[in-house]
Each structure stands twice: as structure tokens, then as C-alpha cells.
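At position 22 of the sequence shown (counting the first as 1) the number is 334 in our numbering, and the numbers step up by one without a gap. All remarks here apply to the structure that follows.
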Amino acid sequence: MGAISSSKMGMYLAQPGEIVQNPNILGGPKEHAASDHHAEVCKLLRSAIPSYDAILNVFQQQGTWWNSFRQKTHAISQGSRVEPLPEFAARVYTSTSPSEVATLAVAYTRSAGSNYEILQLVDNMIISNSTYSATILGLECLILLGKTHTDFGQPRSAWLIWRRGMAIAQLMGLHDGHAQRSQGQIWWSIYHGERFTSLLLGLPSGFNDRAYEIELSRSLPDLVGKEAWTHYFVLGCAIEAGKIVERNTSPHTLPIKTQDNLERMDILRRLGSSQWWELPVSLPPFGNELDCLVDRMLMQLFFFHVQMYTHLPSMVSDKHDANTSKDSCQSAARELLKRYLVLRQRVHGTYLFECKTSDFVGFTATIILLLWMHEQSTNSQADLQLVHEVKAVFDQLKIESDCPIAVQCSGALQVLCPRNEAGDFEDDRPRKIDIPFFGSIVRNKKATVSEDTIGLESEVAESACTDFHYLLSNTLPISSTSQESSWANEMVWDIDQDWDLFEFACGTMG
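Below you can see the structure in the form of C-alpha cells.
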């Protein structure tokens, strides 16, 4: 993208992405004022993070996530080499670029898993200031901020970041396909981040896919065996996710035609070889091979997530629906869980992939598989084993980190998981589980297939669950009877908090 100039503003958007003053007025008082402001912002950001040695120590122990992130998003370096996190820290710690110092601060927060207040500081100082955010460096910082909120189990906060990033990127023209390839990576990171959180939260998406659908249909016939196929594979999944979002957020019934969807998903599936779809027998010890495995598992997980959500309405309806299938839903949930368990394995004491929002997706897939199992006369030993393996992951995470998401997922599965193939439970008392952005499940005394056993709560089914919107579109109430609306408190609620608060805040929704 070329420089953007304005004779009135005296500003240029310079490569590789930082805004500088118009060269005609360089050396003037405005330039010095801007330089002083940049220095103050850098000083403030550095004051929020520990010493360089302390940061480096955190990165060396908990910075393995960086390579995958940087490979997907880096737009400044035109070379193929990804700058390792310690090198990035050494270069940026004393930098005069506010956007880069902010990126370092977010990277530290992501690695440490604490100091959340730094994220709000970066939001206020960088993302909310177009002088910084409307640059490539600023957008890279925004992407890391959105990823960090997602990894911390804060998809609502991430969605807000992605939507702002989408607006900025569109103003910069990064969405139109004419941007440099490296800068196009910035757009795709924002696009996919926004689409994933929209799918999860049941919120409208901020981009119309029509042009991409045309591009995809033209490109698919020539993609088999070519290196670029993974881009179009993920794009195709995102487009299908967009159709689900449109269906879930529309005030009218917009069914997704099953046969068309199956054909589109099958075309995407056939882009990858049978070897690409195989689950690993063992894990690579380290390096690029391990990074590629993680990327492959994440792409497959997204594919099955989309497939699962396409057919999710079938799980709450006793009526036959030609556009959804319980078999397809439970099959996708099962395959998703297999990939999730791979990503939650350790290499050298470190998880392959740590993302609390992905943990929540794995949890919802487990719930779907459980609902399917409770409708069968006998439970599959393989499915029961799969469910208990996922539960073991949450039990371990609960012990290790006392993570609220892991604690609540573990508790819910403790209630809903049968002990054996006969469907016996440790506690036979009726129990209700409210799951954010998903629905309510009640377990009554007998684990047999009937309207009075495991399933969606009867009072909910009568009032709201026959309406598909309750299942996937738990958005915020749009009105308040009081002068002082609780909107702000409800908007910042996320799945890393107490789920009972979600039920209280969103209990008026239908």
C-alpha cells in the first residue's frame, strides 16, 4: 500500500506502517510534539511491564506460542524468517515505536497469563488512538490483543477488538485483495478472528462474503496439490461459518440447505490428502514440524467446529428437519474432540496449544456427544472413553491453574458424565447446567431416553428452545427498565467468569 497523504493534515502513512509527519514540515514544532508524545506513551507502557531480564525469563519458559502467531501475521519483515520472541524483546524493549512496545507488553501478558490490566492500557493508549492503530504495526498489536483475549477465554472482549480492527483495516484498503501479500496476512488474521468469535457468540459478522465466495468457487478446481490450498480451505470454512451466523442472527428462518452444505464441506475436505487428515501417532519433539502439526490440528478443529454448529439445531428438536442432522452433529463433535485432545498434549512440559476459548469449544462438543449418547440404548465404549479423556483434561487444568473455565467445565461434566456404559451416575439428584452461548441442560434421576431425562430443560423448551435463537444467540438485552442500565456490566461479562452471573445478566433473553 502506498503512502496516504493529506495536505490539510500534513500526514503520510509510511512503510512499513508507522505514521510520520509530512516531509514538508519535518523539523517543525508539530514533529517535536509528536515525538515527545510517542516517547511518553513508550515510557508509560514500559512502566507497566517488568525489567527486561524478567520478561526474557517469562518468554523463555512460556513463549512457545509466539512462532505460530508471528508466522501467520508478520507483515513488517519481507523475509521468510520469523523473529524469535527473545530477539523481538531485545530489539523492542528500548524502541521509540509505541505500537511495538505495546506489542511487547501484550506478548508478556499472554506469556505470563496474568497482569490483565496491561491489556486495557494497550487498548486505551494504542488501539483507541488512530495515530497508532491505523498502521500495520498498530494492527499487528491489535491482532495480538484479540488473540490474547481469545486465549484467556474472553471471546466478547476479543470480538470487540476484531470488529474495530476490521473497520480500521477496511479504511486502509487491506480487505480488497490488492494489498501486498504480507499486509494481506493482517486482514486475514482479523477476518478469521472476527468470524470465529461471531460464530461462538451468536453475534452478527462484520463482513459480506459474496466476493470471497466467487473467488473461492473459481479457485477450488485448481487447488488440489498446490501449496495455497490451506488458505482457501480455511476461507471456505469461514464462509460456511458466516452462513451459520446469518442463520442464527436472522429474525427470519434461514435454513442452510443440507445437500449444498455437504457438497461444499466435502469439496473442502478433499483439498487435504488422507495423510493430512490423519491424527498423529506420536508428537514431533520441537521445531517447525511441531508448529505445522499444531496449525494442521487447528485447521481441522475449525472445520469440525463449523460442521458441528451447522447441524446443532437438530440436537434440540424432536421434529425431523431435512436441513440438519443429529448424526452429522455428533460425528463432527467426536472428530473435533480428537483434535482437541491432541492440542492439549504436552511436549517438554508445555501444551501444544493453550486457548481457554478453544477449551470451551471442546467442552461444548463434549456436551453434544453426551446428549447423543443419552439418546442411545447403549453407550459406545469409545465415546465414553473420549468423554472421560476430555474431562480428565479439565480436571488437570482445574488443579494446575484454578482456571474458572476449567473449574466450571469440570463441574458440569462431573454432573453429566455417566460412570459406565449402563448410564449410571454418581449423583442421581436432578441437576441443571446453564452453559453460556449454548443453552440449558437438565439431568433428572433416570438416565433413560424420555422427555423427563437428560435434555434441554422442559420450561426452556416450551418458551425458548423451540426457537433456535436461544441455543446459539445469547446476546445482550437491548433495553432496560431502569434509568441506569446494567449494559456496561453485562457487556464485559465473559466465559472466564462465574457462569451463574451470565444466567442472571442474560436471563431475560429469548
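Glycine included, every Cβ here is placed at the ideal spot set by N, Cα and C. Treat the numbers as computed from the prediction; the structure is a model and nothing was measured.
Item, Value
"In whole angstroms, what separates the C-alpha of Ala644 from that of Ser752?", "21 Å"
"Just to confirm the assignment, what range does the beta strand (DSSP E) spanning Leu442 have?", "One detail in the question is off: residue 442 reads as Ser in this sequence, not Leu. No beta strand (DSSP E) holds Ser442; the alpha helix (DSSP H) holding it covers Ser442 to Ser445."
"CB Gly518 to CB Arg468, shorter than 7 Å?", "no"
"Near Arg382, which residues of its chain fall below 6 Å by C-beta distance, leaving aside the five closest residues on each side in sequence?", "Val394"
"By Cβ distance, which residues of its chain are closer than 7 Å to Lys384, with the 5 residues on each side in sequence left out?", "Gln497 and Ser501"
"Within 10 angstroms of its Cβ, does Ser585 collect 16 or more other Cβ (buried), or is it exposed?", "exposed"
"Here's a check: name, in chain order, each residue in its chain whose Cβ is nearer than 6 Å to the Cβ of Gln795, leaving out the five neighbours to either side.", "Confidence is the limiting factor: at Gln795 the pLDDT is only 42, short of 50, which leaves the residue's position unreliable, though a coordinate-based value still follows. Closer than 6 Å at the Cβ level, and outside the excluded window around Gln795, lies no residue."
"Asn593 by DSSP, collapsed to three states: which one?", "Reading off the sequence, residue 593 comes out as Val, not Asn. In the structure shown, Val593 sits in coil (DSSP, three-state: anything other than H, G, I, E or B)."
"Is the beta carbon of Ile717 less than 7 Å from the beta carbon of Gly465?", "yes"
"Among the residues of its own chain, which have a CB less than 8 Å from the CB of Asp442, if the five just before and after it don't count?", "It should be pointed out that residue 442 corresponds to Ser in this sequence rather than to Asp. Closer than 8 Å at the Cβ level, and outside the excluded window around Ser442, lie Ile480."
"With H, G and I counted as helix, E and B as strand and the rest as coil, what does DSSP make of Lys569?", "coil"
"Would you kindly check if the distance between the Cβ of Arg656 and the Cβ of Val705 is under 7 Å?", "yes"
"Which of helix, strand or coil does DSSP assign to Ser770?", "Residue confidence for Ser770 is low, a pLDDT of 30 falling below 50, so the modelled location carries little weight; the figure read from the coordinates is stated next. Of the three classes helix, strand and coil, the one that applies to Ser770 here is helix, per DSSP."
"Using 8 Å as the threshold, is the stretch 555-568 in touch with the stretch 589-598, meaning 3 or more CB pairs across them?", "no"
"Under the rule that 16 or more other beta-carbon atoms within 10 Å means buried, what is Ile438, buried or exposed?", "buried"
"To the nearest angstrom, how far is it from the Cα of Leu583 to the Cα of Ser529?", "13 Å"
"Could you check the C-alpha separation between Phe750 and Ala402 for me, to the nearest Å?", "44 Å"
"Let me know the secondary structure DSSP gives Ser409 once reduced to three states.", "coil"
"Of the choices Ala360, His350 and Asn379, whose alpha-carbon is the least far from that of Leu664?", "Asn379"
"Comparing C-alpha positions only, which one of Ile745, Asp603 and Cys453 sits nearest to Ala724?", "Ile745"
"What residues in its chain sit with their C-beta under 6 Å from that of Val719, if we drop five residues either side in the sequence?", "Lys710"
"Grab the span of the beta strand (DSSP E) containing Arg743 for me, first residue to last.", "Arg743 to Ile747"
"Are the beta-carbon atoms belonging to Gln642 and Leu696 less than 7 Å from one another?", "no"
"Just confirm the distance between the C-beta atoms of Ala424 and Ala360, as a whole number of angstroms; I'd bet it's less than 8 Å.", "That belief does not hold up - the Cβ atoms of Ala424 and Ala360 are roughly 12 Å apart, past 8 Å."
"For Gly661, does the three-state DSSP call read helix, strand or coil?", "coil"
"Taking just the CA atoms, how far does Glu429 sit from Thr678?", "33 Å"
"Ignore the nearest five residues each way along the sequence and tell me which others in Gly554's own chain have a CB closer than 6 Å to its CB.", "Ser517 and Asp521"
"Hey, Met609 and Arg651 are a contact pair by Cβ (cut 8 Å); roughly how many whole angstroms apart?", "5 Å"
"Hey, out of Lys638, Glu525, Glu552 and Val370, whose CA is closest to Ser510's CA?", "Glu552"
"So, Gln495 versus Leu486, is the Cβ gap smaller than 7 Å?", "yes"
"Going straight from the alpha carbon of Glu412 to that of Gly375, what length do you get?", "17 Å"
"State the start and end residues of the unbroken alpha helix (DSSP H) segment that holds His617.", "Asn600 to Thr622"
"Over the uninterrupted alpha helix (DSSP H) stretch that includes Phe706, give me the two end residues.", "Gln693 to Ser713"
"In the structure shown, what three-state DSSP assignment does Glu399 receive?", "helix"
"In three-state DSSP terms, what is Ser762?", "In this prediction, Ser762 has a pLDDT of 36, which is less than 50 and means its spatial position is unreliable; what the coordinates show is noted afterwards. Coil at Ser762, not helix or strand."
"Are there 16 or more other CB atoms within 10 angstroms of the CB of Leu591, so buried, or fewer, so exposed?", "exposed"
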